[in-house]
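The structure under discussion appears below in the form of structure tokens.
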Amino acid sequence: MTCLPIIDESACLAHGDCEALAPDVFRVDDVATVIGIGTAEQLIAIAQACPACAISVVDEATGEQVYP
Amino acid sequence: MTRPDADVLIAGGGLAAQRCCETLRRQGFGGRIVVLCEEPTAPYDRPPLSKAVLSDERERRTPTLKPAEWYAEHGVELLLGVAARELDPARRLLTLRERRGTGAAGRLRYRELVIATGSRPRRLPGLELGGVAHELRTHADALALRAALRERDGRLAVLGAGLVGMEVAAAARGLGREVTLIEAAATPLARALPPALGYWIARLHREHGVEVRLASSVERVSLRGSTARLELSDGSTVDADTVLVAAGTAPATEWLATSGLGPGAIPTDAAGRTAHPGVYAAGDAARFPDPYLGERVPSQHWEAAVRQGTAVARAIVGLAPAEPVPPMFWSDQHGHRIQLVGHAPPDCEIELDGNPTAGSGQFAAWITRAGRPIGALLVDRPDALQHARQWIAAAHAGHTAQPTTANHRNTPAGPGPSDTRRAA
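From first to last, the protein sequence lines stand for chains A and B.
So the first sequence is numbered by the working numbering: it starts at 15 and just counts up by one.
So the second sequence is numbered by the working numbering: it starts at 154 and just counts up by one.
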């Protein structure tokens, strides 16, 4: 399943862990922005690593949220 | 005013200072920004100092927050090895001090001043630093502690079961050292967690081979060669060749003594303004209002430094602070991620989702007081944090949010008498 991450900008504090783990998916300046897509497994792991828990993951095709 | 030397002068070069600069430039502020960095380095991140820096021997670089070029690219002037010595708020003059000196080393006139001088580790009398005893605040401290942990093979004694002490205890166990964690209160993190939850953390450390001595203080220390003998309040002794003093921090605001601000953390409004016009405070040196508690509280957490540095920058450019969110801190110990969002006062009620005593140690503790959601302690439950924030914020806003997560797969069931198991 191809998935898209969604950033909660009020929670994102630009730790940068997401970009460090997947620089092809996330870019962190003042807040994180999404620049790519990934697999559910990959993106959920990154969402779990975010200390601020600012990342949700949705199915790219259906828009259904798969995490959290 | 005669032309100032800085439109925004930031005393202190840490996380709050860095985020203040970033927000100023992002909001189009074009004035001159000068940052006084007491340490001889650009602003850097402290959480790795008690985690990866200790456990990864190869990493010697300071975990700077931005690459060196960022400052020139954004017109931010860093004065390295320069600290604030005295403030004259009426004349908007800051007297400087060279890091290794005590005399004055020039003055800067500012339009706006941000007090972001952070905090310093509390020292315990009778324990000389260097040699056996360490503190952990700076990158240099972390490298020295790492060397001691790797080069010696005796016991590490950690004084203070706060976040820093516990993370170092965990890192040291990972390096194969024997560790004794000594805490004066009845449980770890006693000011942040009620005893039931604090005790779970003590048990986590014991399960990983840390000797945890609660309700114990150090009465006397003697040095025998390169070993310290600590005599505890119950008469027992602990011998250690490395001692970490991790007994909390105090705001670094003594330099403000003649200015009418302080002592202690500097009180501010929600935008970071202090009692003096043109003077703001952010980070460990500040005491912001906590809308969830209804009073000002100091915070030494990472998130607070970011939010407060950002709020001050917004105030300087004329924007209101962002909407408040429940405060949060996180800690990584023995491979577990612990997150506390909101508050967990001593008189709270706790509803558990998951089993803290099971081997995985994964659970969520939903915290209420008089029936109102006020906090959550999450252990390896990052999936629950967004929900916890909303649950607390909604209650604060005066609604009683039903913690429904029926639309989402793999989400926790909210607290409730009949539903305390995590959804499959």
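The beta-carbon is built from N, C-alpha and C at its ideal position, and this holds for glycine as well.
Here the structure is a predicted model, which is why all the values come from computation and not from measurement.
- According to DSSP, D536 of chain B shares a beta bridge with no other residue.
- The C-beta of P37 of chain A comes no closer than 8 Å to any C-beta of chain B.
- P442 of chain B carries a strand assignment under DSSP once its states are collapsed to helix, strand and coil.
- Taking CB atoms only, W483 of chain B has a neighbour in chain A less than 8 Å away.
- Scanning its chain for C-beta atoms nearer than 6 Å, with the 5 sequence neighbours on each side dropped, one finds around D198 of chain B the residues P216, L218, in chain order.
- Residues of chain A with a Cβ closer than 9 Å to the Cβ of E372 of chain B do not exist, since the nearest Cβ in that chain sits about 38 Å away.
- Checking the DSSP bridge columns, you'll see L531 of chain B partnered with B:Q492, B:A517.
- Excluding the 5 residues flanking it on each side, V465 of chain B has same chain C-beta neighbours closer than 6 Å at C173, V267, G425, Y433, A435, in chain order.
- V317 of chain B is not a Cβ neighbour of A438 of chain B, given a cutoff of 8 Å.
- At a Cβ-Cβ threshold of 8 Å, A517 of chain B and L531 of chain B count as neighbours.
- Around P274 of chain B, the same chain offers E288, R290, T402 as residues with beta carbons nearer than 6 Å, after the five sequence neighbours per side are excluded.
- Residue range 159-164 is occupied by the beta strand (DSSP E) that includes I163 of chain B, with no alpha helix (DSSP H) assigned at that position.
- No Cβ-Cβ contact shorter than 8 Å links G528 of chain B with E265 of chain B.
- Annotated three-state conformation of M319 of chain B is helix, per DSSP.
- Listed along chain B, the residues sitting closer than 7 Å to C67 of chain A by beta-carbon distance are P535, L538, Q539.
- The residues R525, P526, I527, A554, in chain order, have a CB closer than 8 Å to that of A548 of chain B in the same chain once the five nearest residues on each side in sequence are set aside.
- According to the DSSP assignment, G507 of chain B belongs to no alpha helix (DSSP H) but to the beta strand (DSSP E) extending over 502-507.
- Here the segment 177-194 of chain B makes no contact with the segment 65-77 of chain A; the two share fewer than three CB pairs at distances below 8 Å.
- For L246 of chain B, the beta-bridge partners assigned by DSSP are B:D241, B:R262.
- The C-beta of M481 of chain B has 16 or more other C-beta atoms within 10 Å across all chains shown, which makes the residue buried.
- Taking 8 Å as the CB threshold, A529 of chain B stays off the interface with chain A.
- In its chain, beyond the 5 residues on either side, P479, M481, G528, A529, L538, A541, R542, I545 have a beta carbon closer than 7 Å to the beta carbon of V494 of chain B.
- DSSP, reduced to helix, strand and coil, places G52 of chain A within a strand of the structure shown.
- The beta carbon of A475 of chain B falls within 8 Å of a beta carbon belonging to chain A, placing the residue at that interface.
- Checking the DSSP bridge columns, you'll see S484 of chain B partnered with B:I491.
- Its Cα nearest to that of T395 of chain B, the residue B:R377 stands out among B:R377, B:A337, B:G388, B:P404.
- E78 of chain A and V72 of chain A have their C-alpha atoms spaced approximately 5 Å apart.
- Leaving aside the five residues that flank R245 of chain B on each side, the residues in its chain whose CB is nearer than 8 Å to its CB run, in chain order, M154, P157, R262, Y263, R264, L266, G431.
- As for any beta strand (DSSP E) of minimum length 3 sitting wholly inside the segment 402-438 of chain B, the runs are 402-404, 432-434, ordered along the chain.
- If you look at T390 of chain B, you'll find it in the beta strand (DSSP E) that goes 390-393.
- Around the CB of S70 of chain A, 16 or more other CB atoms lie within 10 Å, so the residue is classed as buried.
- By the neighbour-count definition (other C-beta atoms within 10 Å, threshold 16), L312 of chain B is a buried residue.
- Under the 8 Å criterion on CB atoms, V459 of chain B is classed as interfacial with respect to chain A.
- Annotation for Y445 of chain B: P477, P479, P480, G495, H496, I527, I545, H549 place their beta carbon closer than 8 Å to its own, counting only its chain and skipping 5 residues before and after.
- Beta-bridge annotation (DSSP): H287 of chain B is paired with B:L397.
- In the structure shown, V188 of chain B falls within a strand segment according to DSSP collapsed to helix, strand and coil.
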